[in-house]
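In my numbering, the protein residues as written are 3 to 218.
The C-beta atom is built at its ideal place from N, Cα and C for all residues, glycine as well.
A quick note: this is a predicted structure, and the numbers were derived from the prediction, not measured.
Remarks on the structure that follows.
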Amino acid sequence: MSSAVARHTSLASCGTPFEVIPNFIPDELLETRSHTVPGGMTAGGYLLYVGDLSRDKGVGILLDAYNRLAADRPPLLMVGRRTSELPDCLPAGVVVAEPWDHEKIMQAFAGAAFAVVPSIWPDPCPTVVLEAMAAGIPVVTTGMGGIADMVRDGEEGVVVPPSAPDVLATGMSLLLSDPSLRQRLGQRARGRAAGFTAGRVVPRIEAVYRDLVHAR
3 MSSAVARHTS LASCGTPFEV IPNFIPDELL ETRSHTVPGG MTAGGYLLYV GDLSRDKGVG
63 ILLDAYNRLA ADRPPLLMVG RRTSELPDCL PAGVVVAEPW DHEKIMQAFA GAAFAVVPSI
123 WPDPCPTVVL EAMAAGIPVV TTGMGGIADM VRDGEEGVVV PPSAPDVLAT GMSLLLSDPS
183 LRQRLGQRAR GRAAGFTAGR VVPRIEAVYR DLVHAR
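Dropping the structure here:
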């Protein structure tokens with residue numbers, strides 16, 4: 003699933019043969035799609051978070067970081083299941099939406115300036131990161147867990163330490179101030195996401211099973 007899972011289970015240290023094979027996304031997600039811009043927002047003019055609105059996903063850190071951005075910051079759209087951990091009072095510019103269907107989320111990714119995935123727990127292999135990358139936008143993330151296998155700092159996005167709102171705000175500001183950088187990272191993100199599609203990953207799974215059968 004990810005290098006993080008392999009480390010957590012201590013497979014390498016106990017001498018167990020293993021191969022890291024990630025989760026995958028449908029090949030079709032790489033297709034260029036029209037974007038649906040949420041009401042009151044413009045294409046490329048909003049930031050997007052998708053996931054449960056909970057502490058372990060880093061939502062509190064994200065809100066703190068967003069509040070540190072300049073006064074002319076673009077809206078932050080947060081799409082996901084509300085939890086009791088979401089503050090009642092949100093910074094100006096934050097828009098919260100209940101979970102959308104998958105196609106609408108993909109269209110929202112395509113219209114965003116970049117995605118933010120501020121997880122503070124080692125998520126084994128968060129598909130939402132791959133979906134954002136497949137839409138051709140960079141990701142500002144903590145690189146926790148399996149995210150480290152997907153996003154490389156300065157290549158497909160910006161990687162910051164977890165639970166550090168000041169550094170997260172700096173990373174977000176960097177992309178907001180440089181549209182050409184966003185475009186370059188977004189193009190690289192789409193290219194890297196291609197390595198996580200069913201067409202690339204499923205043959206690896208099949209090869210493992212073939213090897214196991216032949217080894218019997």
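- For residue 63, same chain residues with a beta-carbon under 7 Å away, outside a window of 5 residues either side, are 120, 122, 165, 167 and 170 in chain order.
- Secondary structure note for residue 146: it is in no beta strand (DSSP E), with a DSSP letter that is neither H nor E.
- Apart from sequence neighbours up to five positions away, the residues of its chain that approach residue 155 with a beta-carbon distance below 6 Å are 161, ordered along the chain.
- Under a 10 Å Cβ-count criterion, residue 214 is classified as exposed, with fewer than 16 other Cβ atoms of the shown protein chains found around its own Cβ.
- Looking at the backbone, the Cα of residue 94 and that of residue 184 are separated by about 24 Å.
- For residue 20, there is no enclosing beta strand (DSSP E), as DSSP marks it with neither H nor E.
- In the pairwise beta carbon analysis, the stretch 133 to 143 is classified as touching the stretch 108 to 117: at least three pairs are separated by under 8 Å.
- Collapsing the DSSP output to three states places residue 103 in coil.
- C-alpha of residue 133 to C-alpha of residue 216: approximately 35 Å in a straight line.
- DSSP, read as helix, strand or coil, puts residue 95 in coil.
- In the pairwise beta carbon analysis, the stretch 76 to 91 is classified as not touching the stretch 192 to 205: fewer than three pairs are separated by under 8 Å.
- Around the beta-carbon of residue 142, 16 or more other beta-carbon atoms lie within 10 Å, marking it buried.
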